[in-house]
Each structure stands twice: as C-alpha cells, then as structure tokens.
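**Q** The structure's right below; bear with me while I get my questions together.
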Amino acid sequence: AQSVTQPDIHITVSEGASLELRCNYSYGATPYLFWYVQSPGQGLQLLLKYFSGDTLVQGIKGFEAEFKRSQSSFNLRKPSVHWSDAAEYFCAVGRDGNKLVFGAGTILRVKS
Amino acid sequence: DTAVSQTPKYLVTQMGNDKSIKCEQNLGHDTMYWYKQDSKKFLKIMFSYNNKELIINETVPNRFSPKSPDKAHLNLHINSLELGDSAVYFCASSQDPSLEAFFGQGTRLTVV
Numbered sequence: 026a027q028s029v030t031q032p033d034i035h036i037t038v039s040e041g042a043s044l045e046l047r048c049n050y051s052y053g054a055t056p057y058l059f060w061y062v063q064s065p066g067q068g069l070q071l072l073l074k075y076f077s078g079d080t081l082v083q084g085i086k087g088f089e090a091e092f093k094r095s096q097s098s099f100n101l102r103k104p105s106v107h108w109s110d111a112a113e114y115f116c117a118v119g120r121d122g123n124k125l126v127f128g129a130g131t132i133l134r135v136k137s
Numbered sequence: 191d192t193a194v195s196q197t198p199k200y201l202v203t204q205m206g207n208d209k210s211i212k213c214e215q216n217l218g219h220d221t222m223y224w225y226k227q228d229s230k231k232f233l234k235i236m237f238s239y240n241n242k243e244l245i246i247n248e249t250v251p252n253r254f255s256p257k258s259p260d261k262a263h264l265n266l267h268i269n270s271l272e273l274g275d276s277a278v279y280f281c282a283s284s285q286d287p288s289l290e291a292f293f294g295q296g297t298r299l300t301v302v
C-alpha cells in the first residue's frame, strides 16, 4: 500500500531564506508524486508533479522538487521564501488504487 | 470560471439532520472524488467516481451516499449527521485516476 510521511509538522523560516520541506513515500514501483499547497480557508492548489523523466521538477511560484528513488524522497525546495508562501504543504503519492494518498502536511511559517 | 466548485462553502447543522453538498467540475474530467480533511488537517479519500461509476469507497459509513447524475457532477449526501462528521469536505476531479487532482474550495461542515 502507498503511504507518505512528512516528518516536519511545522517549519519556520525567515523571509528571503531558502526552504526545504521533506517528503518520504512508500511504494513498490515508481510512483506519481505531487506537492499541493493549502492557504488558510482555501482549497488545495497543485504546485508540481513528478511522473517520470528528469528527477528535478519545476513548479509554480518558484518551487522545485527532486525525486530521489534511492531515498524514497520527493523534497520540495524554494531558494528564497516570500511571506505569501506561508501555508500548509501536502505531499501526495498516486498511481495505484485510483486515488491520491496524502501526507499529514507541513505548516510553513515565514518570519519577516 | 471556477474549475471545481462546491456548495455550500459553510454548513452548520444539528446532529441527526440530513444534508447535501454539491460539486460540479467544468474541466471535462472523467474522474471525481470526495476527500475529507479532519481537524488535524489530515486528508483522506472517501469516494471516487469514474464516468458516473463508483470505483472507490473507502470504508465510509453508509450514512454517506455519493451520487453522480453525470460525469460533471458528484454530490455527497449525509444522513443522520453526527458530531464526528464535522470536517472540511473537498471535491476534486482528474482526467485520469492516477493523475493530479484539481480541488474545490472545500465545504466546512460543523455539526452541533
């Protein structure tokens, strides 16, 4: 069965600093991987996705993520965080079972 | 135009009542979903429909009954509401069950 772990419940970074949010998955083959962002009171917006090919994927809002098969990871990164990036971030895995399995989420706080 | 829209956005109701949440997508997708986000922000799939046929029912109490009149609509009816049903319910759609899902804004259900 698919599963996703986001080890960090909360992360606080200063505005302008770099960001890395961790995501580890459990899946027997190469999964489809996603990062979503949820702003307070809002729905989920897709930031980026990985299906195959280049393991470094670019997304919207300046985010990128790197798929590392050896580590079963798909960490989200941003070189310089803006205050508007404060939100909750969800990693998800799909492919089997006709559904997405989500991690528990990481809340990002940005200090000015 | 909103891609996935659900109504109402907020719903406050008493225990024992029956309520419905409606969802419509204008993306031409074949697959629609209902996800539940609990108070700890954990997202879990409830139902998935593909071309109006139920393909996933994730051990949801039978008080919850989805209905898909056509592939652009997936409504959720809940009978005999309980306090534990309080959550945010998200509708989503995707072109293929294994691909990225597009989410609605959510319906915050509060049972008092």
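Top line first, the protein sequences correspond to chains A and B. Okay, so the first sequence: first residue is 26 according to the working numbering, each after it adds one. Okay, so the second sequence: first residue is 191 according to the working numbering, each after it adds one. Each residue gets a CB set at the ideal place from its N, CA and C atoms; glycine is no exception.
Between residue 280(B) and residue 68(A), how many whole angstroms is the CB-CB distance? I'm expecting something under 8 Å.
**A** 6 Å
**Q** Using a Cβ cut-off of 7 Å, pull out every chain A residue sitting near residue 193(B), in sequence order please.
**A** Within 7 Å Cβ-Cβ: nothing; residue 193(B) doesn't reach chain A, min ~10 Å.
**Q** Name, in chain order, the residues that DSSP records as bridge partners for residue 282(B).
**A** 223(B) and 293(B)
**Q** Applying a beta-carbon distance threshold of less than 8 Å, which residues of chain B neighbour residue 129(A)?
**A** 230, 231 and 232
**Q** Closest by CA to residue 267(B), which one among 194(B), 257(B), 294(B) and 240(B)?
**A** 257(B)
**Q** State yes or no: is the beta carbon of residue 72(A) nearer than 8 Å to at least one beta carbon in chain B?
**A** no
**Q** Determine the contact status of residue 136(A) and residue 44(A), defining contact as a CB-CB distance below 8 Å.
**A** no
**Q** Between residue 231(B) and residue 66(A), is the Cβ-Cβ spacing less than 8 Å?
**A** no
**Q** Buried or exposed, going by whether 16 or more other CB atoms sit within 10 Å of the CB of residue 222(B)?
**A** buried
**Q** Could you check the C-alpha separation between residue 269(B) and residue 291(B) for me, to the nearest Å?
**A** 27 Å
**Q** Kindly indicate which residue of 101(A), 64(A) and 49(A) has the alpha-carbon position closest to the one of residue 31(A).
**A** 49(A)
**Q** Just the Cα atoms here: how many angstroms apart are residue 204(B) and residue 273(B)?
**A** 9 Å
**Q** Please give the ranges of any beta strand (DSSP E) in the stretch 83-133 of chain A, keeping only runs that are unbroken, at least 3 residues long and fully inside the region.
**A** 89-93, 98-103 and 112-119
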